[in-house]
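Read through the structure below, which is laid out as structure tokens, and then see the notes.
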Amino acid sequence: MKLLLVICIVHAIFIPCFSFDVSGMDLPLTLDYYKSTCPTVFDVIRKEMECIVKEDPRNAAIIIRLHFHDCFVQGCDGSVLLDETESLKGEKKASPNINSLKGYKIIDRIKNIIESECPGVVSCADLLTISARDATILVGGPYWDVPVGRKDSKTASYALATTNLPTPDEGLISIIAKFYYQGLSVEDMVALIVGAHTIGMAQCRNFRSRIYGDFRVTTALNPVSATYLARLQEICPESSGEGDRNVTAMDNVTPNLFDNSIYHTLLRGEGLLSSDQAMYTSMFGIQTRRIVSKYAENPVAFFEQFSKSMVKMGNILNSKSLVDGEVRRNCRFVNT
Ligand code: HEM
Numbered sequence: 012m013k014l015l016l017v018i019c020i021v022h023a024i025f026i027p028c029f030s031f032d033v034s035g036m037d038l039p040l041t042l043d044y045y046k047s048t049c050p051t052v053f054d055v056i057r058k059e060m061e062c063i064v065k066e067d068p069r070n071a072a073i074i075i076r077l078h079f080h081d082c083f084v085q086g087c088d089g090s091v092l093l094d095e096t097e098s099l100k101g102e103k104k105a106s107p108n109i110n111s112l113k114g115y116k117i118i119d120r121i122k123n124i125i126e127s128e129c130p131g132v133v134s135c136a137d138l139l140t141i142s143a144r145d146a147t148i149l150v151g152g153p154y155w156d157v158p159v160g161r162k163d164s165k166t167a168s169y170a171l172a173t174t175n176l177p178t179p180d181e182g183l184i185s186i187i188a189k190f191y192y193q194g195l196s197v198e199d200m201v202a203l204i205v206g207a208h209t210i211g212m213a214q215c216r217n218f219r220s221r222i223y224g225d226f227r228v229t230t231a232l233n234p235v236s237a238t239y240l241a242r243l244q245e246i247c248p249e250s251s252g253e254g255d256r257n258v259t260a261m262d263n264v265t266p267n268l269f270d271n272s273i274y275h276t277l278l279r280g281e282g283l284l285s286s287d288q289a290m291y292t293s294m295f296g297i298q299t300r301r302i303v304s305k306y307a308e309n310p311v312a313f314f315e316q317f318s319k320s321m322v323k324m325g326n327i328l329n330s331k332s333l334v335d336g337e338v339r340r341n342c343r344f345v346n347t
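12 is the number of the first residue of the sequence shown in this note's numbering; add one for each residue after it.
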């Protein structure tokens, strides 16, 4: 397995590597899993997400990110939603999540409504996966069918939340490895990481090293980019600790619209996060660079791949939870 991973990563740097196609596999998830037990589940979630995104379009970004942080840790099993208790160390305080990941209350709100319609039927993991799809559509992104039937975990992993989720300063090779480990190809990776960052905000502490580092180099000292950089530096002072929590959009052109403009941002060398810009400028990014250019040119190809890759990410399952998992009544706590 380890050898295969290494071969794949080396391969991915130089030539297109295969992707893991889960569509033909015998997954336990189906589109009509709730057909008889909770036939309104998709409508209820959609209606609620409409209100939530109307209240604040950023909520769409918040939910999509929450789904990603769930799936990369033990699979999509709602583990990220568990609160810390005496007997359970949750994921919420792990470094990629603490003071950053949001949306727990949004999920509580939807879960309460679902529980009143169909008590004890719909898992928190499914609810989050469906909400992420609806969030995408509501800010202009593509539609895809969501296979359902996930179970909620009875455990969480602080350790895996710390190691499996890449940081914004992580190198491209390491990010590729983390996606391969989850069964996601380089094509999936470029569609998901950069694509999702077409909406939402980042805090100064996550892009400081970038704007006081190689931003000038990647933008080739272009005067228009220099004006943008000055604005970013106003939002985010150089000294650590100052303005750490100040936020700005990752897509400064259409921050609330799900479109392909962030790929153009990378072509200009203006990516806000180092990890995003690396997809276009890293010396190991021959394949990723080609994919970034393709999605900049072809928004339809981007939408198609994003949909496929979101299904694939949503299909990262926790095999243990499928056997001994549950449908939590409250997404924050294991059932007693
Ligand atoms: C290399 C992989 C990734 C890294 C390093 C990364 C890093 C980050 C960082 C640092 C932020 C800003 C958080 C903050 O400042 O509080 C962020 C926001 C966000 N990320 Fe990622 N991310 C990655 C992949 C993904 C993926 C795969 C998705 C979804 C498919 C995603 C969706 C989002 C969204 C929607 C936001 C905006 C959230 C908001 O507005 O609150 N990210 N990401």
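Ideal Cβ placement from N, Cα and C applies to all residues, glycine included.
Since the model is a prediction, treat every value here as computed from it, not as a measurement.
Which of helix, strand or coil DSSP assigns to methionine 212: Looking up residue 212 in the sequence shown gives position 201. The answer is strand: DSSP assigns methionine 212 an E or B state.
Does methionine 294 pass the burial test, meaning 16 or more other C-beta atoms within 10 Å, or should it be called exposed? Sequence index remark: in the sequence shown, residue 294 carries index 283 (1-based). Exposed: under 16 other Cβ atoms inside 10 Å.
Is leucine 284 near the ligand HEM, judged by its Cβ being under 7 Å from some heavy atom? Numbered from its first residue, the sequence shown carries residue 284 at position 273. Yes, the ligand HEM has a heavy atom inside 7 Å of this Cβ.
Nearest-angstrom beta carbon gap, valine 159 and leucine 40 [assumed within contact, 8 Å]: Position 29 of the sequence shown, counting from 1, holds the residue named residue 40. Position 148 of the sequence shown, counting from 1, holds the residue named residue 159. Between valine 159 and leucine 40 the Cβ distance is about 6 Å, and since that is below 8 Å, they are a contact.
Given the structure, does glutamine 214 come close to the ligand HEM, in the sense that its CB is under 7 Å from one of the ligand's heavy atoms? The residue given as residue 214 occupies position 203 in the sequence shown. Flag set: Cβ of glutamine 214 near the ligand HEM.
Stretch pair the stretch 277 to 291 + the stretch 163 to 181: three plus CB contacts closer than 8 Å: yes
Return the chain-ordered list of same chain residues with a C-beta closer than 6 Å to the C-beta of glycine 336, the five sequence neighbours on each side being excluded. Against the sequence shown, residue 336 aligns to sequence position 325. Taken in chain order, the residues that qualify are Lys162, Asp163 and Ser164.
May I ask you to check if the CB of proline 153 is nearer than 7 Å to at least one heavy atom of the ligand HEM? Along the sequence shown, read from residue 1 onward, the residue named residue 153 stands at position 142. No, Cβ of proline 153 sits at least 7 Å from all heavy atoms of the ligand HEM.
Relative to the C-alpha of serine 320, which candidate in Leu77, Asn233, Gln244 and Leu195 has its C-alpha closest? Here residue 320 refers to the residue found at position 309 when the sequence shown is read from its first residue. The option with the nearest alpha carbon to serine 320 is Leu195.
Tell me, please, which residues DSSP counts as bridged to valine 159. Within the sequence shown, the letter at position 148 stands for residue 159. BP columns for valine 159 point to Thr41.
Taking only three categories from DSSP, how would you classify valine 258? For this step, residue 258 is matched to residue 247 along the sequence shown. In this structure, valine 258 counts as strand in the three-state DSSP scheme.
Taking only the alpha-carbon atoms, compute the straight-line gap between serine 127 and valine 55 and give it to the nearest angstrom. Residue mapping note: residue 127 aligns to position 116 of the sequence shown, counting from 1. Residue mapping note: residue 55 aligns to position 44 of the sequence shown, counting from 1. Going by the C-alpha atoms only, they are around 11 Å apart.
Can you find the residues in the same chain that come closer than 7 Å, C-beta to C-beta, to aspartate 11, ignoring five residues on each side of it along the sequence? Because the chain here runs from 12 to 347, residue 11 falls outside it and cannot be looked at.
Indicate whether the contact test is met: 3 or more Cβ pairs, each with one atom in the stretch 134 to 153 and one in the stretch 112 to 126, closer than 8 Å. yes
Who are the Cβ neighbours of cysteine 215 in its own chain at under 6 Å, not counting the five residues just before and after it? As a working mapping, residue 215 is identified with position 204 in the sequence shown. Counting only Cβ-Cβ distances below 6 Å, and skipping sequence neighbours, we find Cys247, Gly254, Asp255 and Asn257.
Here's a check: name, in chain order, each residue in its chain whose Cβ is nearer than 7 Å to the Cβ of aspartate 32, leaving out the five neighbours to either side. As a position in the sequence shown, residue 32 is number 21, starting the count at 1. Low per-residue confidence applies at aspartate 32: pLDDT is 37, beneath 50, and the placement is therefore not dependable, though the value from the model is reported in the following sentence. No residues qualify anywhere along the chain.
Which whole-angstrom value describes the C-beta separation of leucine 277 and glutamine 288, a residue pair presumed to lie in contact below a C-beta threshold of 8 Å? Working through the sequence shown from its first residue, we reach residue 277 at position 266. Working through the sequence shown from its first residue, we reach residue 288 at position 277. Confirmed, about 6 Å.
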